[in-house]
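Enquirer:
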Amino acid sequence: MKTFYFMAGLPRSGSTLLSSILNQNPRFYSGPSSPVLGAMYALEENFTSNELYTGYPKPDQVIELIGSVPHHFYSDVEEPIVFDKNRAWTARVPYIEQYIKQQAKILVPVRRVDEILTSVLSMIHRNPFQEGQDRINFVDEYLVKTNQPINDYNRCTHLLNPDGIVYESLNAVKLGLEQNMRDKMHFIDYNDMVSNPEQVMEDIYDFLGEEHYEHTFDGLSNIHRENDLNTYGLGDMHEVHSKLEKTSSSPESVLPKEIFDLYKQNKQSLEFWTSK
Numbered sequence: 020m021k022t023f024y025f026m027a028g029l030p031r032s033g034s035t036l037l038s039s040i041l042n043q044n045p046r047f048y049s050g051p052s053s054p055v056l057g058a059m060y061a062l063e064e065n066f067t068s069n070e071l072y073t074g075y076p077k078p079d080q081v082i083e084l085i086g087s088v089p090h091h092f093y094s095d096v097e098e099p100i101v102f103d104k105n106r107a108w109t110a111r112v113p114y115i116e117q118y119i120k121q122q123a124k125i126l127v128p129v130r131r132v133d134e135i136l137t138s139v140l141s142m143i144h145r146n147p148f149q150e151g152q153d154r155i156n157f158v159d160e161y162l163v164k165t166n167q168p169i170n171d172y173n174r175c176t177h178l179l180n181p182d183g184i185v186y187e188s189l190n191a192v193k194l195g196l197e198q199n200m201r202d203k204m205h206f207i208d209y210n211d212m213v214s215n216p217e218q219v220m221e222d223i224y225d226f227l228g229e230e231h232y233e234h235t236f237d238g239l240s241n242i243h244r245e246n247d248l249n250t251y252g253l254g255d256m257h258e259v260h261s262k263l264e265k266t267s268s269s270p271e272s273v274l275p276k277e278i279f280d281l282y283k284q285n286k287q288s289l290e291f292w293t294s295k
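Mapping to this note's numbering: the sequence shown position 108 is 127, numbers consecutive.
1. Just to confirm the assignment: which complete alpha helix (DSSP H) runs, minimum length 4, are found wholly within the region 143–182?
2. Would you kindly work out how many angstroms separate the C-alpha atoms of P147 and P76, rounded to a whole number?
3. Give the DSSP-derived three-state secondary structure of T109 in the structure shown.
4. If you count every other CB in all the chains shown that lies within 10 Å of the CB of H234, and 16 or more means buried, which is it?
5. Here's the rule: buried if 16 or more other CB atoms are within 10 angstroms of the residue's CB, otherwise exposed. What is I125?
6. Where does V129 sit, in a helix, a strand or coil, going by DSSP?
7. Is the number of C-beta pairs between the region 166–176 and the region 55–69 that are closer than 8 Å three or more?
8. Could you check what DSSP says for Y72 in three-state terms: helix, strand or coil?
9. Would DSSP call H205 helix, strand or coil?
10. For N173, which option in A191, I184, V185 and V158 has the closest C-alpha, if you only look at C-alpha atoms?
11. Where do the ends of the alpha helix (DSSP H) carrying V101 lie?
12. DSSP puts T22 in a beta bridge; with which residues?
13. DSSP puts S52 in a beta bridge; with which residues?
14. Tell me which residues share the same chain as S214 and place their Cβ nearer than 7 Å to its Cβ, disregarding the 5 neighbours each side in the sequence.
15. Assuming the contact rule is C-beta atoms closer than 8 Å, I40 and L239 should be a hit. Round their C-beta distance to whole Å, please.
16. For R46, count neighbouring C-beta atoms within 10 Å of its own C-beta (all shown protein chains included) and say buried if the count is 16 or more, exposed if not.
17. Can you give me the C-alpha to C-alpha distance between L289 and Y282, rounded to a whole angstrom?
18. DSSP has F47 in a bridge; who is on the other side?
19. Looking at the unbroken alpha helix (DSSP H) that takes in K276, where does it start and where does it end?
20. Cβ of F206 within 8 Å of Cβ of W292?
21. Mind reading off the beta-carbon distance from I82 to Q117? Whole number of angstroms is fine, and I expect it under 8 Å.
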């Protein structure tokens, strides 16, 4: 029986980097974002809305069936400890404890929101659409579908709006905190991970209750690489630099002034996890 831990948090906040470090431990497997939670949710919806099941319910069997999803999905993984990554886990803690029947322990990488927006824009700027690609990047694709001009202001506005990945990720974390699940979440600040990785990893092991492992922070690589170009229209979305260092530009030099000013005005409410 595998032990499952979980990873959620915010985009561009080091979850892929953290997975690359965790995977140095031969007992750990940490892969790309997975469809496990979505499959569990779909199964639950199927049964609760199915009139045939309503007429002849078998709740114990349904719980067992839904809880088996991660075990089947990772049946090809030899490592005994699996980190399943999905940004919605913080909002779905009962799925872990009710269905998988393991104590919920969720790693939550976070980062200043202005730095997240800067990272996304920088990635888009260095990956211009080229003839022959199957798709444009996922942010511009949304702007095209909604008949909005493609510019950095609209890109940021979309990311921060309810249908954008930054908003959705922030909302999932906020829901977990509102449900009093903070003790099941371990926040990992991106800048702390870059500047003091030894302490960050020590704190993670303490939170998980696992035996400490001596990690290295040079020669890093993403060994479970997604097809970013086909999935996101961005070829280097989950690339990991071999050396652990901060390489992103300053937000002031990348973000539109209106967006940077908006961030400064709303910093406290955007970065709500910093308040106890």
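Beta carbons: idealized from backbone N, C-alpha and C, even for Gly.
Small disclaimer: the values here were computed from a predicted structure and weren't measured.
Expert: Looking at the atomic coordinates:
1. 157–164 and 171–179
2. Your numbering for residue 147 matches position 128 in the sequence shown. Your numbering for residue 76 matches position 57 in the sequence shown. The straight-line gap from Cα to Cα measures roughly 53 Å.
3. As a first step, residue 109 is located in the sequence shown; it is residue number 90 there, counting from the start. Looking at T109 - three-state DSSP - the assignment turns out to be helix.
4. In the sequence shown, counting from the first residue as 1, residue 234 sits at position 215. Buried, because 16 or more other Cβ atoms sit within 10 Å of the Cβ of H234.
5. Mapped onto the sequence shown, residue 125 falls at position 106. Its Cβ being crowded by 16 or more others within 10 Å, I125 is buried.
6. As a position in the sequence shown, residue 129 is number 110, starting the count at 1. Strand.
7. no
8. By one-based count along the sequence shown, residue 72 stands at place 53. Three-state result, Y72: helix.
9. If you number the sequence shown from 1, residue 205 lands on position 186. In the structure shown, H205 sits in a strand (DSSP, three-state: E or B).
10. Counted from its first residue, the sequence shown places residue 173 at position 154. The residue with the shortest Cα to Cα distance from N173 is V158.
11. Within the sequence shown, residue 101 is the residue found at index 82, counting from 1. No alpha helix (DSSP H) holds V101; the beta strand (DSSP E) holding it covers I100 to K104.
12. The residue given as residue 22 occupies position 3 in the sequence shown. Looking at the DSSP assignment, T22 forms a beta bridge with I100.
13. One-based indexing of the sequence shown puts residue 52 at position 33. Note: S52 sits in a beta bridge opposite K104.
14. What you label residue 214 is simply residue 195 of the sequence shown in a count that begins at 1. Nothing listed; no residue qualifies.
15. Looking up residue 40 in the sequence shown gives position 21. Looking up residue 239 in the sequence shown gives position 220. The Cβ separation is near 7 Å, so the contact holds.
16. As a working mapping, residue 46 is identified with position 27 in the sequence shown. Exposed, by the Cβ-count rule.
17. Working through the sequence shown from its first residue, we reach residue 289 at position 270. Working through the sequence shown from its first residue, we reach residue 282 at position 263. Cα to Cα, the separation comes out at about 8 Å.
18. Locating residue 47 in the sequence shown gives position 28, where the first residue counts as 1. Partner(s): I100.
19. Counted from its first residue, the sequence shown places residue 276 at position 257. Residues K276 to L289.
20. Within the sequence shown, residue 206 is the residue found at index 187, counting from 1. Within the sequence shown, residue 292 is the residue found at index 273, counting from 1. Going by C-beta atoms, F206 is nearer than 8 Å to W292.
21. Here residue 82 refers to the residue found at position 63 when the sequence shown is read from its first residue. Here residue 117 refers to the residue found at position 98 when the sequence shown is read from its first residue. Right, their Cβ atoms sit about 7 Å apart.
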